[in-house]
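Trainee: Okay, here's the structure, questions in a sec.
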Amino acid sequence: MNFDWRAAWDSVPRLLDGMLVALQATVLGYLIALVLGLVFALLRRSQQPWVRMPVAVVVEFIRSTPLLVQLFFLFFVLPTIGIEFSPLATGAIGLGVHYATYTSEVYRAGIDGVPPGQWEAATALNLSRRRTWTAVILPQAVPRVVPALANYVIAMFKDTPQLTAITVLEGLSVARSLGAETFRYLEPFTLVGIMYLTMALVMAWLARIVERRFGRVRAV
Amino acid sequence: MTETTSASSAPASSGGHEGNLITFDGVGKRFGDNVVLDNLSFGVRPGERVTLIGPSGSGKTTILRMLMTLTRPDSGTIQVGDDYLYHEERTGNLVPASEQHIRRVRRRITMVFQHFNLFPNMRVLRNVTEAPVHVLGLSKEEAEQRARELLDMVGLGEKLTAYPTQLSGGQQQRVAIARALAMRPDVLLLDEVTSALDPELAAGVLDVLRDIARTSDVTMLCVTHAMRFARDISHRVLMFDSGRIIEDAPPGEMFDAPRHERTRGFLQSVINET
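In order, the protein sequences belong to chains A and B.
Anchor point for the first sequence: position 50 equals 50 in full-length UniProt numbering, and the numbering is continuous, going up by one each time.
Anchor point for the second sequence: position 104 equals 104 in full-length UniProt numbering, and the numbering is continuous, going up by one each time.
Laid out in structure tokens, this is it:
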């Protein structure tokens, strides 16, 4: 089987459209994971057991079940109770919620890494709980975990092909339909692989920049 | 602020007495099988400077931490002025205090720590203004004015924009003292504030504290192994052993003519060490 450069070239625009969709799902999903993960981490530290426990159960449940199952659940079950999103939005929410369970662990480690003396100093100065979190704890916890958080962007991006299953037209599903239309699979799948690789490398490079820029920790 | 009692004032007797700023009454604390404080009662008068000495593990630091609400007592009561720290009076009964109540009573107290515990994410000036702005409700200008004066006083008026990590340990501790005083506390707790410092740097910190003792009437509770300093600033010295006060005397008596055998042994060992 020869590599047909002509067919490859013709498929590039549609594949790029697909990759753009994958990128959109990643960006949106990652924002959800960043915010929701922090919410999970904070709720799991609540002093109220009736807040802490249910959140812990939900987080463990999501983390211990496959992403694909969750995507199907969101895509097929939610509309039956009247909640309906576009496939792309559903996919981004699915990715975001799933990865929030990972980022919440990262945040938790970052928060635990703040020395107890910082909490004690905040108490000695009578800072409110809210102010202690926003001015003392999180500004020290978050920079510590920027590298770990940045790595999840790439992991999440590499999970976007799973959105094929819920009809999102991202890179992989475009490649598959190109193959079905032309009976040539070599070119689209090779190209889509290269595109994933290229974008993942760019993300890794951006992650290193973010890390250098914001990942400084002024340890005492 | 409160009137300073003279250095020669008689030690406050134990438990719930009128005129005490701090009153421990039957306070107990154990960690597992280890009894840290055993039914402890004592009082501190307004303006009094009290040093707590004794072997490590004898409960001194626990007392400071209880006052700062960092460690909860298992039993007994602690009063700050007329207010209970861990209890509230409701219809004549003592009930566990709400977070709100604890915050209100705690406002009169602050603490300087062995390891400084400055906020590494904030510059020196903001370390000192953070709580005055957000807890006392001072304007940014007022708080900065106050912070500048205090940082000048501790000799760090030039370091306002430095981060804590850029300072020596002694400098960090002096910032921590300024940060504590910016709250205008009635009670200043000093928990082994020079133990983590080289002797040279410790001397600078102790000089600052001597100044504060001389020029202010803030009540001090001080856990330290710097006996020379304790003698200079204290009105009273309490000797602890196994969670109990075994001797309570003015520094002259405590250091020159300790009555208790255990005190003599302890002081001897501290002198040999330094």
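Ideal Cβ positions, reconstructed from N, Cα and C, are used throughout, including at glycine.
Measure the Cβ-Cβ separation of G94 (chain A) and L71 (chain A) and say whether it is below 9 Å.
Mentor: yes
Trainee: Closer than 9 Å, CB to CB, is T123 (chain A) near chain B or not?
Mentor: Yes - at least one Cβ of chain B is within 9 Å of the one on T123 (chain A).
Trainee: Which residues mark the beginning and the end of the beta strand (DSSP E) in which V237 (chain B) is found?
Mentor: 236–241
Trainee: Determine the chain A residues that contact H31 (chain B) at a beta-carbon separation under 7 Å, and present them in chain order.
Mentor: Per the sequence presented here, residue 31 (chain B) reads as Phe, with His not at that position. Going along chain A, no residue has its Cβ under 7 Å from F31 (chain B), so there is no contact; the nearest lies around 16 Å.
Trainee: Closest by CA to A175 (chain A), which one among A:E187, A:A165, A:A22?
Mentor: A:E187
Trainee: Check whether chain A comes within 9 Å of T110 (chain B), counting only Cβ atoms and requiring the distance to be less than that.
Mentor: At least one chain A Cβ lies under 9 Å of T110 (chain B).
Trainee: Please determine, among A:Q24, A:A25, A:V58, the residue with the shortest C-alpha to C-alpha distance to T39 (chain A).
Mentor: The amino acid occupying residue 39 (chain A) in the given sequence is Val; Thr does not appear at that position. It is A:V58 whose Cα lies nearest to the Cα of V39 (chain A).
Trainee: Per the DSSP calculation, V77 (chain B) is bridged to which residue(s)?
Mentor: Reading off the sequence shown, one finds Thr at residue 77 (chain B), where the question assumed Val. T77 (chain B) pairs with B:D25.
Trainee: Pick helix, strand or coil for G96 (chain A), following the three-state DSSP scheme.
Mentor: Collapsing the DSSP output to three states places G96 (chain A) in a helix.
Trainee: By the three-class DSSP mapping on this structure, what secondary structure does T190 (chain A) have?
Mentor: helix
Trainee: What does Y84 (chain B) pair with, by DSSP beta-bridge criteria?
Mentor: B:Q79
Trainee: At the 9 Å Cβ level, is P147 (chain A) part of the contact set with chain B, yes or no?
Mentor: no
Trainee: Using the Cβ count rule (16 or more neighbours within 10 Å means buried), how would you classify D152 (chain B)?
Mentor: exposed
Trainee: Can you check which of these residues, A:A207, A:R208, A:L172, A:A180, is closest to A22 (chain A) by C-alpha distance?
Mentor: A:L172
Trainee: Would V80 (chain B) and V187 (chain B) be called neighbours here (beta carbons separated by less than 9 Å)?
Mentor: yes
Trainee: Taking Cβ positions, are D83 (chain B) and R104 (chain B) nearer each other than 9 Å?
Mentor: yes
Trainee: Between the C-alpha atoms of A143 (chain B) and E130 (chain B), what's the straight-line distance to the nearest angstrom?
Mentor: Computed Cα separation, rounded: 8 Å.
Trainee: Could you work out which residues of chain A lie near R228 (chain B), taking near to mean beta carbons separated by less than 8 Å?
Mentor: Residues of chain A passing the Cβ test: none, with the nearest at roughly 26 Å.
Trainee: Closest to L189 (chain B) by CA distance: which of A:R45, A:G193, A:L125 is it?
Mentor: A:L125
Trainee: Per DSSP, what kind of secondary structure is R45 (chain B) in: helix, strand or coil?
Mentor: Here R45 (chain B) sits in coil by DSSP.
Trainee: I'd like to know whether the C-beta of H115 (chain B) is nearer than 9 Å to at least one C-beta of chain A.
Mentor: yes
Trainee: Kindly indicate which residue of B:G252, B:T161, B:H134, B:V128 has the alpha-carbon position closest to the one of Q145 (chain B).
Mentor: B:V128
Trainee: Counting contacts by CB-CB distance shorter than 9 Å, is V220 (chain A) in contact with chain B?
Mentor: Model confidence at V220 (chain A) stands at a pLDDT of 44, short of 50, so the residue's coordinates are unreliable; what they give is reported in the following sentence. For V220 (chain A), the answer is yes, since a Cβ of chain B falls inside 9 Å of its Cβ.
Trainee: From E158 (chain B) to P120 (chain B), what does the alpha carbon distance come to, in whole angstroms?
Mentor: 18 Å
Trainee: Determine, using beta carbons only, whether E130 (chain B) comes closer than 9 Å to chain A.
Mentor: yes
Trainee: Going by DSSP, which residues form a beta bridge with R90 (chain B)?
Mentor: B:N93
Trainee: Taking the C-alpha atoms as reference points, what is the distance between L16 (chain A) and I209 (chain A)?
Mentor: 25 Å
Trainee: Write down the C-beta distance between residue 282 (chain B) and Q166 (chain B) rounded to the nearest angstrom, noting that I regard them as a contact closer than 8 Å.
Mentor: Residue 282 (chain B) cannot be examined here, being either before or after the span of chain B that is shown, 1 to 274.
Trainee: Applying the criterion that 16 or more other CB atoms from any shown protein chain within 10 Å of the CB defines a buried residue, is P258 (chain B) buried or exposed?
Mentor: It is buried - the Cβ of P258 (chain B) has at least 16 other Cβ atoms within 10 Å.
Trainee: Could you pull out every residue in the same chain whose Cβ sits closer than 6 Å to the Cβ of L138 (chain B), ignoring the five residues on either side in sequence?
Mentor: P132, listed in sequence order.
Trainee: For the stretch 67–87 of chain B, which residues have a CB atom closer than 7 Å to at least one CB atom of chain A, in sequence order?
Mentor: So the close ones are M68, T69, L70.
Trainee: For the stretch 53–66 of chain B against the stretch 87–100 of chain B, do three or more pairs of beta-carbon atoms, one drawn from each stretch, fall closer than 8 Å, so that the two count as touching?
Mentor: Contact between the stretch 53–66 of chain B and the stretch 87–100 of chain B is absent, because fewer than three Cβ pairs lie under 8 Å.
Trainee: Below 8 Å on the Cβ atoms is my guess for R212 (chain A) versus A7 (chain A); work out the distance and round it to an integer in Å.
Mentor: The Cβ separation is near 42 Å, so there is no contact.
Trainee: Does L127 (chain A) have its Cβ less than 9 Å from a Cβ in chain B?
Mentor: yes
Trainee: Write down the C-beta distance between L88 (chain A) and Q24 (chain A) rounded to the nearest angstrom, noting that I regard them as a contact closer than 8 Å.
Mentor: 7 Å
Trainee: Using the rule of at least 16 other Cβ atoms within 10 Å of the residue's Cβ for burial, across every protein chain shown, is T29 (chain B) buried or exposed?
Mentor: Note on identity: in this sequence residue 29 (chain B) is Lys, with Thr being the wrong assignment. Per the 10 Å Cβ criterion, buried.
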